[in-house]
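What follows is a single structure, written as structure tokens, with notes after it.
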Amino acid sequence: MHFKKANDYDVIVIGSGAGGLTAAVALAQAGKKVLVCEQHEVAGGWTHSFTLEGYRFSPGVHYIGDLQPGGALRRILEGLGVSEDLTFIELNPDGYDHFYLGDRRFDFPKGKAQMIRRLKEYFPDDARGAENYINAIDRLMSRLGDLGRLNNLSNIGKSIRALFTLLPWAFRTGQDLIDKYITDPTLKGLMA
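Residue numbers (the working numbering): 424 to 615.
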């Protein structure tokens, strides 16, 4: 049996999940010799299902966002040259997630404005809280993206502003954020 030496590769990627495979493809396309190591018998990480004690589990991806033209994930797939091999199917924009609390069904639509409008319909007495909560989540997520741009000095201002927005929440919980804006106990449960 012949084993290659570690120096036969430019890069060794540990794990064949979506992140590992994405990195491996990008590096290989850049001309690097890449070895992907995976402990499971099937590549793909959480993108496949498995059976345990007679039960089948699909722990992975159920749907993926940001695949619209120009979206971040779509641009990654296009950059890797694999987007043409994929078929993108849009989920029902009026309600792609369905939650049940007791005997009530709640459908979550696509888009921030639509989500706010839907929550106001479901919870008119806590409409302001629902809107403020969704806006806060949107603001925090946007700042997380800004914080990730520290790799370029021209972005330092955005990154510092992001840090000051995020720092007060560094040691707080999601429940703290919910409690700050929402009073209705059912809406709190739905947002949790």
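Note that the Cβ used here is the ideal one computed from N, Cα and C, for glycine as well.
Secondary structure remark: continuous alpha helix (DSSP H) runs of at least 4 residues inside the segment 437-461, in chain order: 441-452. Around the beta-carbon of D520, fewer than 16 other beta-carbon atoms lie within 10 Å, marking it exposed. In this structure, L500 lies away from D489, with their beta-carbon atoms at least 8 angstroms apart. Contact annotation: A446 and V436 have beta-carbon atoms nearer than 8 angstroms. In this structure, DSSP gives Y478 an extended state, which the three-state scheme calls strand.
Ranked by how close their Cα comes to the Cα of I512, the residues H485, V457, R551 have H485 in first place. Comparing C-alpha distances from H471 to each of K603, G493, G440 shows the shortest one belongs to G440. Under the three-state reduction of DSSP output, Y523 falls in the strand class. In the pairwise beta carbon analysis, the segment 524-537 is classified as not touching the segment 585-599: fewer than three pairs are separated by under 8 angstroms. Linking D569 to F587 through their CA atoms gives a straight-line distance of about 11 angstroms. Following the DSSP letters along the chain, one finds F587 inside the alpha helix (DSSP H) bounded by residues 579-589. In the structure shown, D517 adopts coil according to DSSP, grouped into three states. Across the set I487, M614, I605, D433, the C-alpha of D433 shows the shortest separation from the C-alpha of A453. Between Y556 and Y604, the CB-CB gap stays under 8 angstroms. Counting along the chain, R595 sits inside no alpha helix (DSSP H), nor does DSSP assign it H or E at all. G534: not part of any alpha helix (DSSP H); DSSP gives it neither H nor E. The three-state secondary structure of I557, taken from DSSP, is helix.
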